[in-house]
Structure formats: C-alpha cells, structure tokens
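**Student:** Read left to right, the sequence shown gives residues 821 to 1018 (our numbering).
Glycine is no exception: its CB is placed at the ideal position from the N, C-alpha and C atoms.
Note that this is a predicted model, so its numbers are computed, not measured.
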Amino acid sequence: MHTLIVTAHPDHHSHTHAVVEQLVKGISASGQHSVEIADLAAEQFDPRFNQADVDQFKSGTVSPQDVLAEQQRLNRADALVLVYPIYWWSFPAQLKGWIDRVFTQGWAYDDTGEKVIKKLGHLQVHLLALGAANTRTYLRRGYFSSMRTQIDEGIFGYCGAPVITSELLLPSDEGYPDAHYALARQLGQRLFTLKEPA
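1) T827 and S854: beta carbons closer than 9 Å?
2) Here's the rule I'm using: 16 or more other beta-carbon atoms within 10 Å means buried, otherwise exposed. How should L1014 be labelled?
3) Is A872 helix, strand or coil by DSSP?
4) Fully enclosed by the stretch 874-959, which beta strand (DSSP E) runs are 3 residues long or longer?
5) Classify A897 as buried or exposed, calling it buried when 16 or more other Cβ atoms lie within 10 Å of its own Cβ.
6) Alpha carbon to alpha carbon, what distance is there between Y1001 and R893?
7) For Q864, tell me which candidate among L989, K845, V887, M821 has the shortest Cα-Cα distance.
8) Express the C-alpha separation of R960 and P884 in angstroms, rounding to a whole number.
9) Taking C-beta to C-beta, are L1007 and G846 nearer than 9 Å?
10) Based on DSSP bridge pairs, tell me the residues matched to H822.
11) Since I847 is in the beta strand (DSSP E), which residue starts that stretch and which ends it?
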C-alpha cells in the first residue's frame, strides 16, 4: 500500500517536520508499504487559484500541469496524510491552496446540478493538526469541532474520502513533544489496519 504525506511548513526543523519524520518511520517499519512526501513549501507549490484553474472549474478544460502532477500523486496513493500547523484555526494558506487547486470538479467530485458524485471513496485520509493553544481554548471556543466540520466534512466528506484519523496535537499534551512523535510512529505502523469511525 502507498501513502502520500502532504505538509506545508517553511521551517524544515519545525515540530511539524519532526512529526512527519516519525510518521514515515512508522510506515516504513513493516517493509510492506511505500511512502511519498509532498513538502509544499520546499517544492514551492503555487497555491494561488489562477485563470487556468477558473477555466477548468467553469468549462472542464485540462488542469494546469502542476495540478495534474499532484492529482497523479494522489492517484498512486491508498492513503493521504496531512500534517500541518494550525494557522488561524485552519490550514496554512499553501495547504488550503493545494486543496483549492487539486481537488477539482471532474477529478475529486462531479456536481451535476442535481446531485454531487463523490469520486475519492478509495482514498483513506488521516489528519494531524498541530496547534499552539491549549486544549481548554480549543474546547471553550469550539475551534476543533469547527475545524472538523470545515475540513473533515466540508472537504473530504464532499469528495467521499473517508477521514479515518483526525488528531489535534498541542504543546499542552502530556509528554509533549515525545508523545506526538510516538503517536505519529504508531499511526504509521497501523495506517492500513485502521477503519473509518462508525
């Protein structure tokens, strides 16, 4: 089985990248699975929704080459793992732009005007969001539940991709940062044995 890990953090020495590294170790431990990392910052992915993207959305023209390349990465994957820092209670702009541009009509879904045909049911999704506030702040303000509505349901649910794991990792977690690294390794080891929550 093949996993695509997508991350968007400009500092390669960040906690985000350290979590990715442990996730890769977990996936690779069995020797049975392959993994690819899409480091959007290092690859300088352009998140701006441009005229070619608009044309594709409106009339179904061919997507730009950088979008097609990302879709091919996803076509090879059995699982997608997003590891990202939380910026303003959501994705970093580069990751949001990756979703905006790559999850196109005709590829991720079809909207007939009467119904939405979800096309990514084969792709398991795992989300590891790394925040800076404490748990109490997320609970009091309802931020994590809002993120789940926006991301888990609003993006992946719309395309039919089941979200198997949706974790919020915070500095206030017991055993931080090692507990985060252990969780990432364990997730990697169990990635293809986990099932969608009922």
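**Tutor:** Based on what the coordinates show:
1) Stepping through the sequence shown from its first residue, residue 827 is reached at position 7. Stepping through the sequence shown from its first residue, residue 854 is reached at position 34. Contact: no.
2) Within the sequence shown, residue 1014 is the residue found at index 194, counting from 1. Answer is exposed; the Cβ neighbour count stays below 16.
3) For the purposes of this step, residue 872 is taken as the residue at position 52 of the sequence shown. Looking at A872 - three-state DSSP - the assignment turns out to be helix.
4) 899-905, 929-931, 936-938, 944-950
5) Start at 1 with the first residue of the sequence shown, and residue 897 comes out as number 77. Buried, since its Cβ has 16 or more Cβ neighbours within 10 Å.
6) On the sequence shown, residue 893 is found 73 positions in, with the first residue counted as 1. On the sequence shown, residue 1001 is found 181 positions in, with the first residue counted as 1. Cα to Cα, R893 sits roughly 25 Å from Y1001.
7) What you label residue 864 is simply residue 44 of the sequence shown in a count that begins at 1. For the residues L989, K845, V887, M821, the minimum Cα distance to Q864 belongs to V887.
8) As a first step, residue 884 is located in the sequence shown; it is residue number 64 there, counting from the start. As a first step, residue 960 is located in the sequence shown; it is residue number 140 there, counting from the start. P884 and R960: Cα-Cα distance of roughly 42 Å.
9) If you number the sequence shown from 1, residue 1007 lands on position 187. If you number the sequence shown from 1, residue 846 lands on position 26. A contact, by the Cβ cut-off of 9 Å.
10) In the sequence shown, the residue the question calls residue 822 occupies position 2. S854, per the DSSP bridge assignment.
11) Position 27 of the sequence shown, counted from the first residue, corresponds to residue 847. No beta strand (DSSP E) holds I847; the alpha helix (DSSP H) holding it covers 835-848.
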